[in-house]
Amino acid sequence: MRRPPTLAILPSLRAIRLDDDRVVLSRRFVAGMQAFQRFWDGRVMCIIEPAPPSTLETNLDRTLSGDNYEVDPAELPFELVVLDFQDLRFATELARADVASAAVYYRHNHVSAVGRKVGTAVVYASEYTLRTRLQIARADIKSPVRLAKRVAWELNQERLHRESLRLAQGLHANGVPTFEVYRDLTPNSMLYFDGRLSDDMLIDKRVLEARIHGLLGGRPLRLAWHGRLNRMKGSDQLVLVGKHLRQLGVDFTLEIFGGGVLEDELRETIQREQLQDHVKLMGFWDFKALAEYTQKNHDLWVCCHPQGDPSGAYLETLGNGLPIVGYANEALAGILSRVNAGRVVPIYHAESLAKLIRDVSRKRRQLAEWARTAVSFARNHTFDKSFERRIQHYARVRDQYPKP
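Following this line, the structure appears as structure tokens:
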């Protein structure tokens, strides 16, 4: 009797191992592992690297991605192996899997080579192109010397990433940019769009049509954006777009959801420019509550991301029935190349974006069609459907490369 196949997940985030053998994990990560367990037709294990307990005080968000809790590994519905990937025991643990999911990430560059040695098929997951990684570096690093070192490091990492992909058996590309860049490096590449929107959270057709009815009736255009309020996400550009919209005579409101380092600065700018009647900071909202509110109260999502982070917000926004206009970063331009549900302008051209919004406001039937198209596209790429396709892809790779 054939043993159940084993899928190993190797995340780029880490676990914090406490003195009593309990670990600190991200709830969102555990939910993702439970989804793997639900869809995979065999065993699921996770090999995760440790982080020191001091991380709880110094850099927890970056290490785990937030929303964290302590848990006994024995209580998890999947096997958890906490192990440094450079440890000599790593090959032994990887050999237990039929197929492994790794990340295009500097700590995982050797995984496909190890997989070849132990007979485990490796499928990499990619999110950021070299271009996007360099954009993020330029946004984060102000020192020219440090930036030059980071650029050199990223260029070398890109070489190593490509070498590791050539040894791998597959690729899951989150978003169009890395799919186009890496697709030919592995024999089995697939494109998917990450997002948290489940099938039952898609906007109801009656809600969408009621909103469109009001839009076509000529009411003010209701704009929205949500995310972290920092320059990497371009939130500093939103008020500038609002200023240009007022100058263009557009009747609009813009609601900005989220928080971050720029919150006070944005509030001061809104007051200084006397935009209080048009632009409002709404604070943090629960994901589901925000989706329900957006579906009823917004017409268009304004995205000023200057870099190509394949944000799940794109797909989630389309599923809420909102077209997207914004800056032509790789990720947004990529998804809009696959669905006619918005338009882009050059990055940091706030006035051009305002003019685009003005033109869209004058063509509301087009905006209505974009909204319907957005939902149709999102319906085929919900979390459930995308996850199931990824699992099916792992299974095909497993069958194509059976363990000796």
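Heads up: the sequence shown at position 202 corresponds to 210 in this note's numbering, and the numbers run straight through without jumps. By construction, the Cβ of each residue, glycine as well, lies at the ideal position given by its N, Cα and C atoms.
Straight-line Cα distance separating residue j from residue i
i, j, result
"residue 11", "residue 53", "15 Å"
"residue 15", "residue 84", "16 Å"
"residue 260", "residue 88", "50 Å"
"residue 18", "residue 108", "7 Å"
"residue 55", "residue 41", "11 Å"
"residue 111", "residue 372", "42 Å"
"residue 72", "residue 22", "At residue 72, the pLDDT of 44 sits below 50, so the modelled position is not reliable; the number obtained from the coordinates is stated separately. About 6 Å."
"residue 363", "residue 230", "16 Å"
"residue 391", "residue 186", "19 Å"
"residue 148", "residue 213", "42 Å"
"residue 91", "residue 354", "44 Å"
"residue 282", "residue 188", "44 Å"
"residue 397", "residue 210", "19 Å"
"residue 301", "residue 123", "46 Å"
"residue 367", "residue 375", "10 Å"
"residue 156", "residue 140", "16 Å"
"residue 389", "residue 153", "42 Å"
"residue 143", "residue 113", "17 Å"
"residue 291", "residue 126", "50 Å"
"residue 199", "residue 37", "21 Å"
"residue 385", "residue 59", "39 Å"
"residue 403", "residue 236", "36 Å"
"residue 333", "residue 35", "32 Å"
"residue 26", "residue 96", "22 Å"
"residue 33", "residue 184", "30 Å"
"residue 249", "residue 358", "5 Å"
Cβ neighbours of residue i in the same chain (closer than 8 Å, five flanking residues each side left out)
i, result
"residue 275", "289"
"residue 115", "20, 57, 93"
"residue 106", "13, 14, 15, 50, 128, 129, 406, 410, 411"
"residue 247", "274, 277, 278, 281, 283, 287"
"residue 267", "236, 237, 291, 292"
"residue 360", "353, 354"
Residue i (DSSP reduced to helix, strand or coil)
i, result
"residue 351", "strand"
"residue 288", "strand"
"residue 368", "helix"
"residue 17", "strand"
"residue 105", "coil"
"residue 183", "coil"
"residue 382", "helix"
"residue 79", "strand"
"residue 113", "coil"
"residue 87", "strand"
"residue 160", "helix"
"residue 57", "strand"
"residue 178", "strand"
"residue 97", "coil"
"residue 210", "coil"
"residue 190", "helix"
"residue 402", "helix"
"residue 26", "coil"
"residue 168", "helix"
"residue 204", "coil"
"residue 134", "strand"
7 Å CB neighbourhood of residue i in its chain, flanking five on each side removed
i, result
"residue 81", "31, 88"
"residue 66", "Its pLDDT being 40, under 50, residue 66 is placed unreliably by the model, and nothing is read from it."
"residue 369", "229, 258"
"residue 337", "313, 314, 315, 316, 355"
"residue 162", "138, 141, 142, 145"
"residue 395", "43, 47"
"residue 295", "204"
"residue 340", "311, 313, 322, 332, 334, 352"
"residue 99", "122, 125, 126"
Residue-chain proximity (residue i, chain C), Cβ-Cβ < 8 Å
i, result
"residue 109", "Of the protein chains in this structure there is only one, and it is not chain C."
Sequence-distant residues of the same chain with beta carbon closer than 6 Å to residue i, five excluded per side
i, result
"residue 166", "138"
"residue 70", "At residue 70 the pLDDT is 41, less than 50, meaning the model places this residue with poor confidence; the figure from the coordinates comes in the next sentence. Correct list: empty, nothing qualifies."
"residue 251", "281"
"residue 293", "265"
"residue 135", "182, 318"
"residue 168", "117"
"residue 377", "none"
| query | Can we say the stretch 208–218 touches the stretch 305–317, given the rule of at least three CB pairs closer than 8 Å? | reply | Contact between the stretch 208–218 and the stretch 305–317 is absent, with fewer than three C-beta pairs closer than 8 Å.
| request: Pick out the complete beta strand (DSSP E) segments inside the stretch 219–305, 3 residues or longer, and give them in chain order. | output: Counting whole runs of 3 or more residues, the stretch 219–305 contains the beta strand (DSSP E) stretches 229–234, 260–265, 287–291.
| Taking only runs of the alpha helix (DSSP H) that begin and end inside the stretch 319–348, which ones reach a length of at least 4 residues, in chain order? | As far as the stretch 319–348 is concerned, its whole alpha helix (DSSP H) runs of at least 4 residues are 320–327, 338–344.
| query | Looking at C-beta atoms only, is the number of pairs between the stretch 267–274 and the stretch 341–348 that lie closer than 8 Å three or more? | reply | Taking 8 Å as the limit for Cβ pairs, the verdict is that the stretch 341–348 does not touch the stretch 267–274.
| Using 8 Å as the threshold, is the stretch 191–205 in touch with the stretch 321–330, meaning 3 or more CB pairs across them? | The way I'd put it, the stretch 191–205 does touch the stretch 321–330; three or more beta-carbon pairs between them come closer than 8 Å.
| Taking one C-beta from the stretch 232–246 and one from the stretch 315–323 each time, how about it: are there three or more such pairs within less than 8 Å? | The stretch 232–246 vs the stretch 315–323: in contact.
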